[in-house]
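Protein sequence lines correspond, in order, to chains A and B.
Position one of the first sequence corresponds to residue 1097 (our numbering), numbered consecutively onward.
Position one of the second sequence corresponds to residue 8 (our numbering), numbered consecutively onward.
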Amino acid sequence: MIEMTTSDIHPDDLRKKLFDPGAGAYCGFEGWIRNENEGHEVRRLEYEAYEPLARSEGEAILAEARERFPHLQAHCVHRTGMLEIGECAVWVGVSAPHRDEAFLACRYIIDQLKVRLPIWKKEYYADGHSGWVNCERCAKSA
Amino acid sequence: MKTVTVRYFAMFREHAGVDEETLSIDVETAADVFRATRERHGSAEPSGHCKVAINDVMADWDSPVGDGDTVLLFPPVAGG
């Protein structure tokens, strides 16, 4: 399942949800807050989500992954609110019978989450400005 | 004319200055609603970078909009 949360993400606890006697492989991905984007020094990031559709679209992505990779266990958590440098913004974990499916399924899920979930992030820069990521064209018209 | 509630998110909310508004507009599709609100609030974002939902279901820009519908306008997403 997919969770949206304003609390810290704890991958070591979350991966226990994926234990499965038929699983020989686990693959996890953590997305962290980085201090730089496109030449700008970033101090913090604010995530906004439209949760009803972020959840339903996230569940659809996990269902697609399970269909592509049989016997897959998959779970995802995404943060909302203000995050500081180094914090975990998104976690994807999967378990599968073999490593190939685990790597591929994890990659599929994070790639789809990034382009399909109604989630936005606003960067706060060291120079005091801020900007919505992927919204440069909007910004120019503001 | 149809009565349509439009909800704005992230950059679109900042442009509009409101979370949502109810408009009486002459529209057939989600794209018509997007164009009407873009003119109203001065955004230049092309719809190709954006997504739309109608009554909490993801939709296409050519999806029909009915009287009383709620249209959710999503600027370019950036999860992860």
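Positions of the beta carbon are idealized from the N, C-alpha and C atoms, including for glycine.
Quiz prompt | Interface flag, B/Gly87 vs chain A, CB-CB below 8 Å | solution = It does: the Cβ of B/Gly87 has a partner Cβ on chain A nearer than 8 Å.
Quiz item: Just reading off the alpha helix (DSSP H) that A/Cys1202 is part of, what are its end residues?
Solution: Looking at the DSSP string, the run of the alpha helix (DSSP H) that includes A/Cys1202 is 1195-1212.
Quiz item: Within the chosen definition, does the region 1105-1124 of chain A reach the region 1191-1202 of chain A through at least 3 CB pairs nearer than 8 Å?
Solution: The region 1105-1124 of chain A vs the region 1191-1202 of chain A: in contact.
Quiz item: Between the C-alpha atoms of A/Glu1126 and A/Thr1101, what's the straight-line distance to the nearest angstrom?
Solution: When rounded, the separation of the alpha-carbon atoms in A/Glu1126 and A/Thr1101 is 15 Å.
Quiz item: Which residues in the same chain have their Cβ closer than 7 Å to the Cβ of B/Ser54, if we skip the five residues on either side of it in sequence?
Solution: Correct list, in chain order: Ala38, Phe41, Trp68.
Quiz prompt | 8 Å Cβ shell around A/His1106 - same chain, five flanking residues per side excluded | solution = Nothing meets the Cβ criterion.
Quiz prompt | Interfacial residues, the region 1121-1149 of chain A to chain B, with Cβ spacing under 7 Å | solution = Per Cβ criterion, the list reads Gly1127, Glu1144, Tyr1146, Pro1148, Leu1149.
Quiz item: Between A/Glu1153 and A/Arg1212, which are expected to be in contact by the criterion C-beta below 8 Å, what is the C-beta distance as a whole number of angstroms?
Solution: At roughly 5 Å, the Cβ-Cβ gap stays under 8 Å, so A/Glu1153 and A/Arg1212 are in contact.
Exercise. Indicate whether at least one CB of chain B lies closer than 8 Å to the CB of A/Glu1153.
Key: It does; some Cβ of chain B falls within 8 Å.
Quiz prompt | Closer than 8 Å to chain A by CB, B/Pro82 | solution = So yes, B/Pro82 belongs to the interface.
Self-check item: At least three beta-carbon pairs within less than 8 Å, the region 1133-1147 of chain A to the region 1176-1189 of chain A
Solution: A contact between stretches requires three or more CB pairs, one per stretch, nearer than 8 Å, and the region 1133-1147 of chain A meets this requirement with the region 1176-1189 of chain A.
Quiz prompt | Rounded straight-line distance, which links the Cα of A/Cys1184 to that of A/Asp1104 | solution = Approximately 7 Å between the Cα atoms of the pair.
Exercise. Could you check the C-alpha separation between A/Ala1156 and A/Ile1205 for me, to the nearest Å?
Key: Between A/Ala1156 and A/Ile1205, the C-alpha separation is close to 10 Å.
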